[in-house]
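Okay, so here's the structure we're looking at.
Numbering (our numbering), first residue to last: 191 to 1112.
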């Protein structure tokens, strides 16, 4: 075993014993598949460097990819075991979780009553997306999930030698399957399969996790010395729900049709009923308590009578069969009121049964009645735990499972509006509102005073208009039939002005989603801006000030407030971490996002509205990623206000939520951190550290240096040839196109492949370029301000978060590997010029970040440091393979060789393998 592996194993222990075990199993699998040549090349077990033909072979790349995935599994498990060991000694030891947060709040003088006041008003919503950053096929993800569970099972000391041998054999069987199953997508995944992947988490992971979360909250509450009975009522617990973009996100995605949206909400609804059915069945079993119907209260008896009339003969059967188990019979009758027949497993359609529940609220009311009756009968603990669980599941998942957002681009909406107005009012009116923003605003203000559609039928308008109105008609039909709960937000990408938002109200009016209440018009569903670019973030406070002052917006927020805690007026604002970074670099993006949240919070307060920020983050540091508890701690004073929505994208979903233990940990981090920061913000004064002017300068200068690089006329040439962007654009890892309109320009390129390509080639300029020059200028030109920065790094969470993220990016940036990719640039002059700029800035950034942070990363983050050096050794070969394959593939494309497809397939495998190794894509 080589010295690097030994060094890491000696430093960090058990996870790397597990890795050795899994690699030994994998070695045997390769031998059993007659792959002896590959056995000698297994990373970390052997140090042999493969010769060229083997280096670029599909089998070698596949073996390396699997090896890195095994490393990921053992490190995740190692982190879980480390947390368990700490919690066994003291729950408060694990940073960011409930017990730790309660301990910190108590140290700040916060009382139990102050926490209890905030808890029920917490509103958290992770939103699952299918953004193309998950390179592995769903079938492969499923096998790795099974492998993880076996790895955990193997640790249980109760198993005999024979049973452990059997577990080992099961692990090998999975490795056999993974060896033969293709890891990557040969064809783009269908949207239906992306939805199925999302449904796995919503149906198999999250329902069980909810109970783990509630149990851990109560345990931490009691361990913190608070009154344990205070949380018996599940209505006092934080509100958690889930969102979904698959089937609703149509921004630059032509395959998301109105029909697909309809099928998506129906499928989500059907799966919600399966969860409810299974939970009710389990509850009925728990309530096999001898208690006769004659012994219940008059109120409960009356409800049973009413239910029997509604359900009919089936209710009689349940009562007769369980005459002495009235509570069980009651739950079995409730099951019969589920709106669809769940006896058939396949091809289930939404055909509502007569006398069934129209809303989850009605079922919750019947369960509350059961809860109270059990308490009256002295069975309070069963009521709190078992019936409380059922109510909690319903409050979180309802009859909709996850709220579907509908997202579209503002330019697309503008085209659709022009087409609609042309078809109804004529081309002259359409031209006026297209050519002048003022004319458009006047037109919108006037139209939104009346509630009538432009057209009864929309077949005569062009494609954009039909798509926008068709999607909202699906939404309207579902809302009219059931309720608005199935839908989250109507999101407008690239919001540039108030008119971009008001336009959506006209489309809603067209399909009946605008209603009149108290003689005022309002929208049933919320319209949400997405501020993405640097300029849009700067303009966002004035846009929202104008928007929130509009009569139809005020009325809409009032109408929508019935479902909010304390009937608060809540306006979501989505902020994009990806495009702002692509626009201006990491310092400008970090600061402008922070500043926009501060100003938007004040704007909301001015209008009596709570702004809930919807954080559009991704899996990499360049796209806003970072530990949840540290990220939430950095948010500006007052901006957190108990409300938090965040996107979970691509490989991030698998990394955080693949199994219940890890899912519970990541959700607890999110909920407990939002709760703690909300309590602090409500009960302590804002500490006004003077970081505004300092970071304003850093952001401006960082953007200047970053733009100097990407605005160079030859930059696109360098980028196109020195990174595998062309491979990523040819990949099949998501159903969405890599570019919004298909143009080859920086503006049209999506942020995900932009970050992905720089990450693959280890430049990672998106997360550090411009920082060194900016900090060096500050140190030389304004020593006092630089001294303040050094102070803020120690005490200000926002500044600390930015700087430590920079440090993490720098350790993953590799000059030697950058040089290999740069060798692909055909022009020597362009290659040398850009490499000199990038290397000089990298050296300066490393020097300045080290000066700011003082302690090196191997002292501050030992696990991250050792994991990185272990990966680096094996990654070298994969980068050599990718560079060699890029040469061959690009040459084959030029001469139209038959080998082109073969090289592309190997490259796509290589992209997947490197993504596995780095732990992130875009």
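Yeah, the Cβ is synthetic: ideal placement off N, Cα and C, and Gly gets one too.
Values in this document were obtained by computation on a predicted structure and should not be read as measured data.
Where residue i and residue j are concerned, what is the direct C-alpha to C-alpha distance, given to the nearest angstrom?
| i | j | result |
| --- | --- | --- |
| residue 526 | residue 404 | 28 Å |
| residue 1096 | residue 369 | 15 Å |
| residue 459 | residue 543 | 14 Å |
| residue 452 | residue 438 | 9 Å |
| residue 220 | residue 1010 | 30 Å |
| residue 942 | residue 839 | 10 Å |
| residue 1001 | residue 408 | 40 Å |
| residue 342 | residue 449 | 42 Å |
| residue 812 | residue 842 | Unreliable positioning characterises residue 812 in this predicted model, as indicated by a pLDDT of 49, which lies under 50. The coordinate reading is nonetheless provided below. When rounded, the distance between both Cα atoms is 14 Å. |
| residue 469 | residue 432 | 18 Å |
| residue 199 | residue 1064 | 16 Å |
| residue 677 | residue 664 | 11 Å |
| residue 1072 | residue 1091 | 15 Å |
| residue 536 | residue 392 | In this prediction, residue 536 scores a pLDDT of 49, lower than 50, which makes its location untrustworthy; the coordinate-derived value is nonetheless stated afterwards. If I take the Cα positions, the gap works out to 19 Å. |
| residue 519 | residue 417 | 35 Å |
| residue 505 | residue 848 | 40 Å |
| residue 273 | residue 792 | 39 Å |
| residue 222 | residue 264 | 24 Å |
| residue 639 | residue 553 | 38 Å |
| residue 1094 | residue 921 | 9 Å |
| residue 423 | residue 513 | 29 Å |
| residue 524 | residue 454 | 26 Å |
Looking at the structure shown, is residue i part of a helix, part of a strand, or coil, going by DSSP?
| i | result |
| --- | --- |
| residue 1073 | helix |
| residue 406 | helix |
| residue 590 | coil |
| residue 761 | strand |
| residue 710 | strand |
| residue 235 | coil |
| residue 240 | coil |
| residue 881 | coil |
| residue 925 | Here residue 925 scores only 48 on pLDDT, less than 50, and its place in the model should not be relied on; the value that follows carries that caveat. Note: residue 925 maps to coil in three-state DSSP. |
| residue 688 | helix |
| residue 1086 | coil |
| residue 576 | helix |
| residue 869 | helix |
| residue 971 | helix |
| residue 797 | coil |
| residue 852 | helix |
| residue 821 | helix |
| residue 831 | coil |
| residue 225 | coil |
| residue 131 | Residue 131 lies beyond the stretch modelled for the chain, which goes from 191 to 1112, so this question has no answer here. |
| residue 897 | helix |
| residue 721 | strand |
| residue 838 | strand |
Are the CB atoms of residue j and residue i within a distance shorter than 8 Å?
| i | j | result |
| --- | --- | --- |
| residue 1039 | residue 993 | yes |
| residue 795 | residue 251 | no |
| residue 1074 | residue 242 | yes |
| residue 592 | residue 434 | yes |
| residue 255 | residue 1106 | yes |
| residue 357 | residue 349 | yes |
| residue 718 | residue 712 | no |
| residue 835 | residue 429 | no |
| residue 774 | residue 695 | no |
| residue 965 | residue 1042 | yes |
| residue 659 | residue 701 | yes |
| residue 634 | residue 692 | yes |
| residue 257 | residue 202 | no |
If I'm right that residue i touches residue j with Cβ under 8 Å, what's the distance once you round it to whole angstroms?
| i | j | result |
| --- | --- | --- |
| residue 397 | residue 465 | 5 Å |
| residue 499 | residue 522 | About 16 Å; that fails the 8 Å criterion. |
| residue 951 | residue 913 | 5 Å |
Original post:
What residue ranges within the region 380 to 406 form continuous alpha helix (DSSP H) runs of no fewer than 4 residues, ordered along the chain?
Top reply: 381 to 390
Subject >> Within the region 310 to 344, ranges of the alpha helix (DSSP H) (whole runs, at least 4 residues) >> reply: 328 to 343
Original post:
What alpha helix (DSSP H) runs, 4 residues minimum, are completely inside the region 516 to 564?
Top reply: Entirely contained in the region 516 to 564, the alpha helix (DSSP H) runs reaching 4 residues are, in chain order, 516 to 526.
**OP:** Counting only runs of 4+ residues fully inside the region 936 to 969, write out the alpha helix (DSSP H) ranges in chain order.
**Re:** 941 to 950
Original post:
If you scan the region 1023 to 1076 from start to end, which runs of the alpha helix (DSSP H) of 4 or more residues do you find wholly inside it?
Top reply: 1047 to 1050
**OP:** Please go through the region 235 to 302 and give each complete alpha helix (DSSP H) segment of 4 or more residues, from N-terminal end onward.
**Re:** 242 to 245, 248 to 279 and 288 to 297
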